[in-house]
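Enquirer: Take this structure first; my questions come after.
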Ligand SMILES: Cc1cc2nc3c(=O)[nH]c(=O)nc-3n(C[C@H](O)[C@H](O)[C@H](O)COP(=O)(O)OP(=O)(O)OC[C@H]3O[C@@H](n4cnc5c(N)ncnc54)[C@H](O)[C@@H]3O)c2cc1C
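Protein chains in written order, with the numbering used here: chain E, 1 to 379; chain P, 1 to 205.
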């Protein structure tokens, strides 16, 4: 990155080394996302967990973890995400860590809820989930049908279905969104610890990013204690959807970073296996430009977290660059090259997944257009 | 149709497109490869064929997504031929198959989206989506003519790159359901693998 200071360089270097561990696990997790035991003691998984955990609840304190502290800036996280995804984005998604759920627990959770959430992750064998999307409502999440109903004794019962939930079917603790009434303000986030009566989950098989372990979840009157609803201590306007939107704003740039990291990985892989691949310089320059944009968007998010224009631009652009790079890579190694290079073939499948995460391309386009009309575009 | 010279009647391409549209990728590929000596023509060390048409006794390998589509990869040992007329012909027919597949999945995308709403309105009423659909079908019309008119392998490789892009435009319409491995959109991912074995060449971006 132009003008990357010493601290960012140190983060980049540390995560670059870590990414090699992720890459070494990539094909095995893609082949069998259920066979995770051999990977759970990965030092990089421990690092990712450490970095995602507030100091008070950390199990260990490593030098790299000190470098990339919990609550690090969006830019620092983006620098790390690009490098980890350059190792392998799907393996990073397979890591038992606070992930998306951690962001909303930090935002909306009481100290007690945070303690419950983070200590449950100790030992590195507990996955988390963030369950928003439903079979009938994806982009239109405010129309969700999952319900939280009073149980008559002061607590709640959760009923409904969620789909495409990362690590959902193997999760131990996480957040599920449901509505207590018809208005958007009635959408609440519930912290759910498993096992729980009435809860069912199964993995759904995906084209790529198989480490993400997308799942279908169904809830039949799952009991939820009232102290497990997040944001109870906050004003009604700062609970469910507000927390979700803040979480998406924080994570959008990271998804863009993962797309760019994957694009860089594919470009470098082709260059390594085919020294004179046509167009390699151009493709690399495009991926590097996308990385620059992601970092700019991350820096802008740090300065002004409420304005999402540039992070949407970056997500839109990075997802596109990943797919364009994949298309180039698939023709660069000659006939049947994809069968002979399974890691590349996997990344090509993975690179399609970023389109749908944290808002599809069309949803980003709508935000970008709004931001532009509001005067947010760069000079 | 003359397999030797690569000349092709418009009706053969049309038939391949129609079969792929009505019966899917493997059926279309089967028709495109009818009469083709796979082991003699395929440019790479593996060639995609419908499982039922794999040459008897040939070594094959499978792929997690291709197998349920009814497609396997046949080992093609020895030095591989590069620019044969037979390959050009196969490239054209395969382009027609991919166009048929895009139509098949565009129909399904519209059906899928017709059952979805946003903000209480039908998703299909959103102009962004109508625009996406229009772009896909306009490109189908253009690439169909383009496929008929191309007479060299570099142009054919470029055409297949564009067909990959077109397939992606359709895939995006589905949202995440199109990223599920047991959903019909899988055929579009497999089509990329198939084309990679028959045509991959370095196309300009
Ligand atoms: C790898 C991966 C990981 C995921 N992880 C999670 C997770 O952990 N938790 C979770 O809750 N969800 C997760 N998702 C789901 C993701 O958030 C949804 O896929 C996304 O919100 C889109 O919803 P949908 O798939 O239902 O598509 P839909 O919303 O049905 O969209 C279908 C099509 O319509 C377009 N569209 C939608 N609305 C509009 C509009 N207003 N105007 C114009 N076009 C529109 C879309 O761009 C798309 O082309 C994940 C998905 C993937 C692929």
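We put the beta carbon where it would ideally sit given N, CA and C, even for glycine.
Between the segment 6-39 of chain E and chain P, which residues of the former have a C-beta closer than 8 Å to a C-beta of the latter?
Expert: So nothing in the stretch comes that close.
Enquirer: Only counting the same chain, and skipping five residues up and downstream in sequence, which positions put a Cβ closer than 6 Å to that of residue 59 of chain E?
Expert: Reading the first chain from its first residue, position 59 is the one you call residue 59 of chain E. Answer for residue 59 of chain E: 122, listed in chain order.
Enquirer: Less than 7 Å between CB atoms is the rule here; does residue 218 of chain P satisfy it with respect to chain E?
Expert: Residue 218 of chain P falls outside the range modelled here, since chain P spans only 1 to 205, and no answer is possible.
Enquirer: Could you compute how far the alpha carbon of residue 77 of chain P sits from the alpha carbon of residue 36 of chain P?
Expert: As a working mapping, residue 77 of chain P is identified with position 77 in the second chain. As a working mapping, residue 36 of chain P is identified with position 36 in the second chain. So the two alpha carbons sit approximately 17 Å from each other.
Enquirer: Anyone know if the C-beta pair for residue 294 of chain E and residue 368 of chain E falls short of 7 Å?
Expert: Working through the first chain from its first residue, we reach residue 294 of chain E at position 294. Working through the first chain from its first residue, we reach residue 368 of chain E at position 368. Going by C-beta atoms, residue 294 of chain E is not nearer than 7 Å to residue 368 of chain E.
Enquirer: Measure the alpha-carbon distance for residue 29 of chain P versus residue 176 of chain E and round it to whole angstroms.
Expert: Along the second chain, read from residue 1 onward, the residue named residue 29 of chain P stands at position 29. Along the first chain, read from residue 1 onward, the residue named residue 176 of chain E stands at position 176. Cα to Cα, residue 29 of chain P sits roughly 44 Å from residue 176 of chain E.
Enquirer: Let me know if residue 5 of chain P comes out buried or exposed under the rule of 16 or more other beta-carbons within 10 Å of its beta-carbon.
Expert: The count along the second chain starts at 1 and reaches residue 5 of chain P at position 5. The pLDDT assigned to residue 5 of chain P is 45, lower than 50, so where the model puts this residue is not dependable, and the model offers no usable value.
Enquirer: What span of residues does the beta strand (DSSP E) with residue 192 of chain E cover, start to end?
Expert: By 1-based counting over the first chain, the position of residue 192 of chain E is 192. 187-193 is the span of the beta strand (DSSP E), which, as asked, contains residue 192 of chain E.
Enquirer: At the 7 Å Cβ level, is residue 131 of chain P part of the contact set with chain E, yes or no?
Expert: Translated into the one-based positions of the second chain, residue 131 of chain P becomes position 131. Closer than 7 Å: no.
Enquirer: What are the residues of the segment 330-357 of chain E that lie near chain P, defined by any Cβ-Cβ distance shorter than 9 Å?
Expert: Going along the segment 330-357 of chain E in chain order, one finds 330, 331, 332, 333, 334, 335, 336, 337, 338, 339, 340, 345, 348, 349, 352, 353, 355, 356, 357 with a Cβ nearer than 9 Å to chain P.
Enquirer: List, in order along the chain, the chain E residues whose C-beta lies closer than 7 Å to that of residue 67 of chain P?
Expert: Counted from its first residue, the second chain places residue 67 of chain P at position 67. Per Cβ cutoff of 7 Å: no residues; residue 67 of chain P is ~13 Å from chain E at best.
Enquirer: Work out the CA separation of residue 298 of chain E and residue 73 of chain E for me, nearest whole Å.
Expert: Taking the first chain and counting its residues from 1, one reaches residue 73 of chain E at position 73. Taking the first chain and counting its residues from 1, one reaches residue 298 of chain E at position 298. The alpha-carbon atoms of residue 73 of chain E and residue 298 of chain E are separated by roughly 8 Å.
Enquirer: If you drop the 5 nearest sequence neighbours on each side, which residues of the same chain put their C-beta closer than 7 Å to that of residue 23 of chain E?
Expert: In the first chain, the residue the question calls residue 23 of chain E occupies position 23. Closer than 7 Å at the Cβ level, and outside the excluded window around residue 23 of chain E, lie 87, 88.
Enquirer: Candidates E:61, E:217, E:321, E:178: which alpha carbon is nearest residue 265 of chain E's?
Expert: As a working mapping, residue 265 of chain E is identified with position 265 in the first chain. The candidate whose alpha carbon is nearest that of residue 265 of chain E is E:321.
Enquirer: Could you pull out every residue in the same chain whose Cβ sits closer than 7 Å to the Cβ of residue 135 of chain E, ignoring the five residues on either side in sequence?
Expert: For the purposes of this step, residue 135 of chain E is taken as residue 135 along the first chain, with counting starting at 1. Around residue 135 of chain E: 161, 163.
Enquirer: Is residue 146 of chain P close to chain E, meaning its C-beta is less than 7 Å from at least one C-beta of that chain?
Expert: As a first step, residue 146 of chain P is located in the second chain; it is residue number 146 there, counting from the start. No, no contact with chain E.
Enquirer: Can you tell me whether residue 369 of chain E is helix, strand or coil according to DSSP?
Expert: Against the first chain, residue 369 of chain E aligns to sequence position 369. Of the three classes helix, strand and coil, the one that applies to residue 369 of chain E here is helix, per DSSP.
Enquirer: Quick check: residue 103 of chain E and residue 250 of chain E, are their CB atoms within less than 7 Å of each other?
Expert: The residue given as residue 103 of chain E occupies position 103 in the first chain. The residue given as residue 250 of chain E occupies position 250 in the first chain. Cβ atoms of residue 103 of chain E and residue 250 of chain E: closer than 7 Å.
Enquirer: Please list the partners that residue 164 of chain E has in chain P, where partner means a Cβ-to-Cβ separation under 7 Å.
Expert: If you number the first chain from 1, residue 164 of chain E lands on position 164. The answer, in chain order, is 176.
Enquirer: If we ignore side chains and look at the alpha-carbon of each, how far apart do residue 170 of chain P and residue 110 of chain P end up?
Expert: In the second chain, residue 170 of chain P corresponds to position 170, counting from 1. In the second chain, residue 110 of chain P corresponds to position 110, counting from 1. About 10 Å.
Enquirer: For a quick check, are the C-beta atoms of residue 212 of chain E and residue 277 of chain E less than 7 Å apart?
Expert: Here residue 212 of chain E corresponds to residue number 212 of the first chain, with the count starting at 1. Here residue 277 of chain E corresponds to residue number 277 of the first chain, with the count starting at 1. Going by C-beta atoms, residue 212 of chain E is not nearer than 7 Å to residue 277 of chain E.
Enquirer: For residue 116 of chain P and residue 125 of chain P, what's the separation of their Cα atoms in angstroms?
Expert: For the purposes of this step, residue 116 of chain P is identified with residue 116 of the second chain, where counting begins at 1. For the purposes of this step, residue 125 of chain P is identified with residue 125 of the second chain, where counting begins at 1. About 10 Å.
Enquirer: Please identify the residue among P:64, P:34, P:65 whose C-alpha is closest to the C-alpha of residue 206 of chain P.
Expert: Only positions 1 to 205 of chain P appear in this structure, which leaves residue 206 of chain P out of reach.
Enquirer: Note down, in chain order, each residue of its chain lying with its Cβ closer than 8 Å to the Cβ of residue 188 of chain E, except the 5 sequence neighbours on either side.
Expert: In the first chain, the residue the question calls residue 188 of chain E occupies position 188. The answer, listed in chain order, is 148, 177, 178, 179, 180, 229, 230, 231, 239, 240.
Enquirer: Rounded to whole angstroms, what is the Cα-Cα separation between residue 10 of chain P and residue 323 of chain E?
Expert: In the second chain, counting from the first residue as 1, residue 10 of chain P sits at position 10. In the first chain, counting from the first residue as 1, residue 323 of chain E sits at position 323. Each residue's Cα considered, the two are about 32 Å apart.
Enquirer: Under 7 Å, Cβ to Cβ, is there at least one residue of chain E near residue 84 of chain P?
Expert: One-based indexing of the second chain puts residue 84 of chain P at position 84. No, no contact with chain E.
Enquirer: Could you tell me which chain P residues have their CB closer than 7 Å to the CB of residue 327 of chain E, listed as they occur along the chain?
Expert: As a first step, residue 327 of chain E is located in the first chain; it is residue number 327 there, counting from the start. Residues of chain P passing the Cβ test: 161, 164, 165.
Enquirer: So, is the C-beta of residue 138 of chain E closer than 7 Å to a C-beta in chain P?
Expert: For the purposes of this step, residue 138 of chain E is identified with residue 138 of the first chain, where counting begins at 1. Output row for residue 138 of chain E: interface = yes.
Enquirer: Would you mind giving the Cβ-Cβ distance between residue 70 of chain P and residue 21 of chain P, rounded to the nearest angstrom? I have them listed as a contact below 8 Å.
Expert: Counted from its first residue, the second chain places residue 70 of chain P at position 70. Counted from its first residue, the second chain places residue 21 of chain P at position 21. With 8 Å as the limit, residue 70 of chain P and residue 21 of chain P do not qualify as a contact, their Cβ atoms being about 16 Å apart.
Enquirer: Just checking: is the beta-carbon of residue 187 of chain E within a distance shorter than 7 Å of some beta-carbon in chain P?
Expert: The count along the first chain starts at 1 and reaches residue 187 of chain E at position 187. Output row for residue 187 of chain E: interface = no.
Enquirer: Please determine, among E:308, E:217, E:291, the residue with the shortest C-alpha to C-alpha distance to residue 375 of chain E.
Expert: The sequence position of residue 375 of chain E within the first chain is 375, counting from 1. The residue with the shortest Cα to Cα distance from residue 375 of chain E is E:308.
Enquirer: In chain order, what residues of the same chain lie with their CB nearer than 7 Å to the CB of residue 108 of chain E, ignoring the 5 residues before and after it?
Expert: Counted from its first residue, the first chain places residue 108 of chain E at position 108. Cβ within range, chain order: 189, 230, 231, 234, 239, 243.
Enquirer: Residue 117 of chain E lies in the alpha helix (DSSP H); which residues open and close that run?
Expert: Reading the first chain from its first residue, position 117 is the one you call residue 117 of chain E. Taken as a continuous stretch (DSSP letters only), the alpha helix (DSSP H) holding residue 117 of chain E covers 111-120.
Enquirer: Would you say residue 227 of chain E faces chain P, with C-beta separation under 7 Å as the test?
Expert: Residue numbering aside, residue 227 of chain E sits at position 227 when the first chain is read from its first letter. Residue 227 of chain E does not count as touching chain P.
Enquirer: With a cut-off of 8 Å, do at least 3 Cβ pairs link the segment 125-137 of chain P to the segment 178-190 of chain P?
Expert: No contact exists between the segment 125-137 of chain P and the segment 178-190 of chain P.
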